[in-house]
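Scroll down for the structure; my scribbles are underneath it.
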Amino acid sequence: MKTIKKVLVANRGEIAIRVFRTLREMGIQSVAVYSESDKDARFHRLADEAYCLGGTTSRESYLRQELLIEVIKKSGADAVHPGYGFVSENAEFAKRCEENGIIFIGPKSHVIHALGDKIEAKKLAVKAGVPVAPSTPDSIDDVKEAKAFADKIGYPVLVKASAGGGGKGMKKVERAEEFESLFQLAQAEAISAFGDGRVFIEKYLENPRHIEIQMLLDEHGNGVWLNERECSIQRRNQKVIEEAPSAVVTPEMRREMGECAIRLAKEVGYTNAGTCEFLVDKHMKFYFLEVNTRLQVEHPVTEMTTGLDLVREQIHIAEGKPLSFSQSDVKINGHAIECRIYAEDSENNFLPSIGKLQHYVEPQGLGVRVDSGVSQGGEISMYFDPMIAKLVTHDSDREKAIDKMLRALREYEIVGVETTIPFCIFTLEHEAFRSGQFDTHFVQNFYNNRTKKEPSTEVKEVAAALAALLSEKQKKVSTLNHVSQSTPQPVLNYPTTNWERRKTYR
Ligand code: MV4
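Structure below.
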């Protein structure tokens with residue numbers, strides 16, 4: 078058993094802050110790294126020490142493995158927390174840490190490597206007796222053989238890249254006639270995207286739900302499942318709303334899925350926090366999809382409903398401590414929902430909306446948690462993920478958690494960029510969501526071809542008055558110039574939030 082005294086967080090934004098908070102509470106020293114383009118970001122001010130990596134893009138900063146190792150050594154950190162994205166699921170980085178005597182807070186490098194290969198992961202699932210969708214048992218490169226298999230299991234099928242995952246490197250084939258060309262396209266794309274052209278064929282599941290099991294496994298052979306998260310509200314493989322527990326999972330199904338997840342994890346020697354993803358069909362049959370070997374973006378909904386701090390658990394496991402509780406201690410307290418607030422125009426095909434947060438106030442109150450890495454005056458940069466914040470609400474049941482989320486979404490004040498708040502409000506008010514009768518096609522079924530609503534006369538008048546007032550102010554008050562060179566354009570077209578509905582603006 079080791080004692081971790083100092084941790085470097087190889088990440089940025091909200092997740093870096095999330096980890097720094099737990100480190101502070103545990104009395105562990107913290108080290109931040111940041112790119113030149115993040116020199117004014119808030120996250121590195123929450124660490125005890127901060128090192129500038131230089132560079133602008135991810136490649137020039139947060140992805141520079143050798144530089145990260147150098148800074149870890151220089152800072153005297155004994156461990157590194159990778160957060161999500163960047164080097165978090167990079168087996169090579171985990172291996173470099175192992176070789177340099179640095180504790181990588183996550184599974185061992187060989188485990189990350191094995192599970193990163195989707196064919197390998199599926200073989201492990203089969204070996205552990207976990208249900209999988211019908212597929213070729215291995216990669217297949219002969220197009221004739223592949224087509225014979227697709228013809229046999231029936232269309233539609235998916236051609237999936239073994240090195241893919243999270244929706245990358247996937248082609249849906251609807252009919253036999255289009256198989257050959259799409260198969261070859263999938264192979265070519267897999268080579269160019271991953272440098273690995275291996276693909277396999279899998280039966281396409283119609284209208285599945287995406288439900289995942291959070292796992293914790295220590296280095297003494299103990300493993301627990303921390304219930305499920307439902308992440309079916311996605312657009313283009315990007316999760317937008319997640320919740321725990323799922324509206325449709327029964328206690329029996331939860332236990333079955335949980336036991337499957339832990340069996341698979343134990344098969345591969347998994348340690349630390351991880352997530353086992355499943356697709357669930359309309360008959361509530363579940364099929365293994367992949368294992369995510371990192372702390373996930375949506376982990377807060379599990380924390381709110383189990384009362385656990387997953388980062389604290391990760392650190393204890395990395396220190397070699399046994400889990401301090403067993404499966405029967407894991408309870409579900411109420412319901413939690415997370416909305417990811419992206420700087421994207423959800424009323425205009427989710428186009429990225431980068432720029433300065435001219436005005437920014439977060440919602441607060443009982444049962445409201447906001448994990449964010451931004452503040453007023455900050456920039457949503459084009460170099461990184463445009464997520465502004467994760468808004469999480471917790472209450473005694475699903476309906477109350479939804480109502481609390483609607484309250485919190487309407488309390489948010491954001492001027493300067495468009496956001497996914499209107500989409501979240503749309504979804505949370507939708508009968509399909511409220512009744513729990515939805516799947517991964519929610520966005521395409523209900524949110525497509527939505528035309529922009531014409532703003533009401535009242536809203537137009539308020540917008541015009543405010544624009545005039547702000548431009549007048551700018552002429553007189555020179556200090557406003559550092560906030561914006563041009564006239565600030567308040568987001569007033571869509572009266573979705575309380576703030577936008579207000580009639581008086583001081
Ligand atoms: C599937 C599927 C249907 N059938 N596999 C997308 C993310 C990647 N991890 C796997 N994905 C899918 N795999 C079979 N056999 C449908 C999807 C899928 C999806 C899955 C989860 C959440 C949203 C999705 C949106 C489109 C397609």
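All the letters of the sequence shown, read from the start, carry residue numbers 78 to 583 under this note's numbering.
Don't be surprised by glycine CBs; every beta carbon is placed ideally from N, CA and C.
query	result
According to the neighbour-count rule (16 or more other Cβ atoms, all chains shown, within 10 Å of its Cβ), is Leu192 buried or exposed?	buried
Starting from Ile288, trace the beta strand (DSSP E) in both directions and tell me its first and last residue.	Arg286 to Leu294
Below 8 Å between beta carbons: does that hold for Gln373 and Tyr161?	yes
Do you know how far the Cα of Glu289 is from the Cα of Gln404?	17 Å
Comparing the CB of Asn584 with every heavy atom of ligand 1, is any distance shorter than 7 Å?	Because the chain in this structure spans residues 78 to 583, residue 584 falls outside the shown range and cannot be described.
By Cβ distance below 7 Å, which residues in the same chain neighbour Val203 in space, the five residues on each side in sequence not counted?	Val209
Please check the pair Phe163 and Tyr128, which I expect to be a contact at CB under 8 Å, by giving their CB distance rounded to whole angstroms.	Actually they do not touch by this definition, with Cβ atoms about 15 Å apart.
Whole angstroms are fine: how far does the CA of Glu257 sit from the CA of Glu375?	38 Å
Asn349: buried (16+ other C-beta within 10 angstroms of its C-beta) or exposed?	buried
According to DSSP, is Thr504 part of a helix, a strand, or is it coil?	helix
Whose CA, out of Ser239, Glu476, Gly298 and His518, lies closest to the CA of Tyr347?	Gly298
If you measure from the CB of Thr133, is any heavy atom of ligand 1 nearer than 7 Å?	no
Return yes when the C-beta of Tyr161 is under 7 Å from any heavy atom of ligand 1, and no when it is not.	no
Does the beta carbon of Gly246 fall short of 7 Å from some heavy atom of ligand 1?	no
I need the DSSP call for Val407, collapsed to helix, strand or coil.	coil
Which residue's Cα is closest to the Cα of Lys316: Val445, Arg417 and Phe363?	Arg417
Beta strand (DSSP E) containing Gly300: first to last residue?	Gly300 to Arg312
Under 7 Å from any heavy atom of ligand 1, does the C-beta of Glu367 make it?	yes
Run the proximity test for Pro285: is its beta-carbon closer than 7 Å to any non-hydrogen atom belonging to ligand 3?	Ligand 3 is not part of the structure shown, which contains ligand 1 as its ligands.
I want to know whether the region 503-515 touches the region 306-323 - three or more CB-CB distances under 8 Å.	yes
Could you tell me the alpha carbon to alpha carbon distance between Gly432 and Ser107, rounded to whole angstroms?	30 Å
Which stretch, first to last residue, makes up the beta strand (DSSP E) that contains Val445?	Val445 to Ser449
Ordered along the chain, which non-local residues of its own chain (more than five positions away) have a Cβ less than 7 Å from that of Asp474?	Gly411 and His412
Should Asp516 go down as buried or exposed, given a rule of 16 or more other Cβ atoms within 10 Å for buried?	buried
State yes or no: is the C-beta of Tyr281 nearer than 7 Å to some heavy atom of ligand 1?	yes
Can you tell me whether Glu456 is helix, strand or coil according to DSSP?	strand
Who are the Cβ neighbours of Ala87 in its own chain at under 6 Å, not counting the five residues just before and after it?	Leu145, Val157, Pro159 and Val164
For Lys467 and Ile414, I'd like the C-alpha separation in whole angstroms.	10 Å
Starting from the C-beta of Ser423, find all residues in its chain whose C-beta is less than 6 Å away, skip the five residues before and the five after it, and write them out in chain order.	Thr497, Pro499 and Phe500
Would you tell me roughly how many angstroms separate the C-alpha atoms of Ser212 and Gln291, rounded to the nearest one?	25 Å
State whether the region 273-284 contacts the region 324-331, with contact taken as three or more CB pairs (one from each stretch) at a distance under 8 Å.	no
Have a look at His190, Ala205, Phe363 and Asp155 and flag the residue whose alpha-carbon is nearest the alpha-carbon of Phe181.	Asp155
Identify the residues that DSSP records as bridge partners of Pro159: which are they?	Answer is none; Pro159 lacks a bridge partner.
Hey, would you say Ile465 sits closer than 8 Å to Ser452, going by beta carbons?	no
How about Gly244 and Thr370: are their beta carbons less than 8 Å apart?	no
Give a yes or no on contact between the region 247-263 and the region 217-235, applying the rule of three or more CB pairs nearer than 8 Å.	yes
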